[in-house]
Every structure is written in C-alpha cells, then in structure tokens.
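Contents: one structure, followed by commentary.
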Amino acid sequence: GSSQTSLRHYFVAT
Amino acid sequence: MLELRLVQGSLLKKVLDAIKDLVTDANFDCSESGFSLQAMDSSHVALVALLLRSDGFEHYRCDRNLSMGMNLTNMSKMLKCAGNDDIITIKADDGGDSVTFMFESPSQDKVSDFEMKLMDIDSEHLGIPETEYHAIVKMPSAEFARICRDLSTIGDTVVISVSKDGVKFSTSGDIGSANVVCRQNNSVDNKDNETVIEMNEPVSLTFALRYLNSFTKATTLSNTVTLSMSKELPVVVEYKIAEIGHIRFYLAPKIED
Numbered sequence: 123g124s125s126q127t128s129l130r131h132y133f134v135a136t
Numbered sequence: 006m007l008e009l010r011l012v013q014g015s016l017l018k019k020v021l022d023a024i025k026d027l028v029t030d031a032n033f034d035c036s037e038s039g040f041s042l043q044a045m046d047s048s049h050v051a052l053v054a055l056l057l058r059s060d061g062f063e064h065y066r067c068d069r070n071l072s073m074g075m076n077l078t079n080m081s082k083m084l085k086c087a088g089n090d091d092i093i094t095i096k097a098d099d100g101g102d103s104v105t106f107m108f109e110s111p112s113q114d115k116v117s118d119f120e121m122k123l124m125d126i127d128s129e130h131l132g133i134p135e136t137e138y139h140a141i142v143k144m145p146s147a148e149f150a151r152i153c154r155d156l157s158t159i160g161d162t163v164v165i166s167v168s169k170d171g172v173k174f175s176t177s178g179d180i181g182s183a184n185v186v187c188r189q190n191n192s193v194d195n196k197d198n199e200t201v202i203e204m205n206e207p208v209s210l211t212f213a214l215r216y217l218n219s220f221t222k223a224t225t226l227s228n229t230v231t232l233s234m235s236k237e238l239p240v241v242v243e244y245k246i247a248e249i250g251h252i253r254f255y256l257a258p259k260i261e262d
C-alpha cells in the first residue's frame with residue numbers, strides 16, 4: 123500500500 | 006483603493022470554476038505586481054497558486070498591498086452572473102469589509118455591480134522553493150484531462166513515469182489495470198498539439214487521481230498543460246493563462262509504505 127504525504131512535508135510556512 | 010479592470014472577464018469566471026471545488030475560502034492578494042492567490046485544500050495535499058499579472062489588466066490600480074478573504078463558492082455565484090463577453094472590474098476600499106464586482110456588457114448597454122462581503126481567513130502561506138525538475142512534460146491539456154478521467158474509472162491512483170521513451174500513466178484497480186503512453190511528437194501545424202518531454206533523469210511518482218481530476222477543471226484556460234516532476238517532490242501541474250499569468254497546482258506524491 124501507499125500513503126499520502128502532506129505538502130507541509132515539502133514546503134515551509136512563511 | 007483597488008480597481009482592476011479585466012477586459013476578458015471570462016478568464017476570471019474560468020479561474021473560479023477551476024479552483025472552487027479544491028479550496029473553499031482563500032485570500033486574494035493584491036500588489037503592484039498583480040492579483041494572486043495561494044491556498045491549500047483542507048487535507049493539505051494539494052495547493053493552488055494563481056497569478057494574474059498587473060500588466061494583463063486594462064486598468065490596474067492598487068494603492069497598497071491588500072489581502073481579501075473570500076468564500077470561493079459565493080464568489081463563483083456572483084461571477085456566474087457576468088456574461089461571458091463581459092468586462093469585469095474588481096473594486097475595494099482599503100480596510101473595507103466588502104469587494105465589488107462590476108460587469109459591463111461589451112456594448113456598454115448593461116452595467117451590473119455585485120457587492121460581496123469579505124471574510125477573515127487565517128491562511129498559511131507556504132514558501133515553494135525554486136527547483137530544477139528532473140522531467141518536464143508539456144502536452145495538450147485536453148489529452149491530460151482525458152487520461153486522468155479514463156484512468157480514474159479503473160483505479161484511485163496513477164503512476165506517472167517519464168523516461169526517454171515518453172510519459173506513461175499507469176493505474177490498477179479491482180477490475181484490472183491500464184497504461185497510457187504518450188510519446189514525444191512534434192506538430193508542425195499546431196504547437197498546442199505537441200507532446201514535448203524534457204528529461205534530465207527518469208522519474209516515477211504516484212498520485213491520487215481525484216486531485217488530478219480536480220486540477221483538470223482548468224483545462225478551459227489553456228490548450229496545453231505542463232507537468233514538472235522530481236523524485237520525491239510534489240508535481241506541479243501548470244496551466245498558462247493567455248497573456249496574463251498562470252494557475253499552478255501542486256500535489257504531494259503518495260509514498261510506498
């Protein structure tokens with residue numbers, strides 16, 4: 123199976 | 006004071022149609038450089054970034070940077086009241102709690118204004134780093150929409166693989182599996198029909214089809230779409246908006262457990 127990652131994992135809040 | 010006059014008002018209608026199902030509320034940011042929006046879907050898996058550059062408007066006045074929180078469902082309801090050929094002007098006062106959309110028919114014989122209440126939206130702004138992508142695929146937007154729609158009848162996720170042979174879209178589900186391969190082609194007659202693959206290294210990523218299908222609501226904005234991919238990074242699905250800007254969707258990949 124595969125799991126969905128979150129965009130927060132890649133992009134940082136500014 | 007803010008006053009933005011967009012002669013091709015239908016572009017704004019199409020932009021709303023493209024994003025309103027993905028994002029409910031969003032802040033539209035207005036500055037000297039343009040009218041923009043960045044918002045994530047509620048599960049923080051997809052992000053939309055819109056830019057309409059100031060020079061694409063017939064008249065663009067933005068005295069100071071302004072962020073206007075709007076409910077996109079309500080905004081869409083109002084823009085649906087504009088004719089497809091109408092000129093749309095967006096007006097707001099600094100510090101005001103509403104925005105006005107003014108619609109003018111091309112012959113100027115009908116003028117309407119719709120005032121919408123603004124809302125406070127506590128949105129998170131993400132920094133998206135500049136990246137050299139491993140592979141960039143440019144293809145007809147209708148073709149991409151067709152592939153996403155077709156594959157979503159078979160499975161929930163799609164593996165997009167770019168190699169020197171082309172770009173492959175694969176899915177599988179309870180009833181079976183499917184692969185669609187698009188090879189690079191050069192169309193002499195029409196650049197919009199081309200599939201062009203720029204690849205530095207092969208890349209293969211898995212995505213949820215329901216988000217990609219949602220992105221394809223932007224198909225009416227552009228004849229072509231660009232997919233930019235790197236290993237273990239979100240894909241960027243970009244639709245250029247003629248002469249004025251772009252709408253970019255970012256989607257986080259699915260990762261094998």
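Chains as they are written, first to last, in my numbering: chain A, 123 to 136; chain B, 6 to 262. Glycine included, every Cβ here is placed at the ideal spot set by N, Cα and C.
Non-local beta-carbon contacts of S157 of chain B in its own chain, meaning distances under 6 Å to residues more than five positions away in sequence, involve L214, N218 in chain order. The CB of E129 of chain B comes closer than 7 Å to the CB of A135 in chain A, given here in chain order.
When the beta-carbon positions are compared, L226 of chain B and Y255 of chain B stay at least 8 Å from each other. Contact check for I165 of chain B against L238 of chain B fails: the beta carbons are separated by 8 Å or more.
Looking at the backbone, the Cα of D127 of chain B and that of E137 of chain B are separated by about 31 Å. G61 of chain B sits in a helix when the DSSP states are folded into three classes. Nearest in C-alpha terms to V134 of chain A, of all of B:H130, B:V208, B:S59, is B:H130. For I152 of chain B, the enclosing alpha helix (DSSP H) begins and ends at 146-156.
Annotated three-state conformation of R66 of chain B is strand, per DSSP. Between the alpha carbons of G160 of chain B and A97 of chain B lies a gap of roughly 45 Å. Against chain A, the beta carbon of A257 of chain B has neighbours under 8 Å at Q126, T127, S128, L129, H131, Y132, listed in chain order. Fewer than three pairs of CB atoms, one per stretch, sit closer than 8 Å, so the region 103-119 of chain B makes no contact with the region 184-195 of chain B.
Residue pairing from DSSP places N76 of chain B in a beta bridge opposite B:D30. Those residues of the region 110-141 of chain B placed with their C-beta closer than 7 Å to a C-beta in chain A are E129, H130, L131, G132, I133, ordered along the chain.
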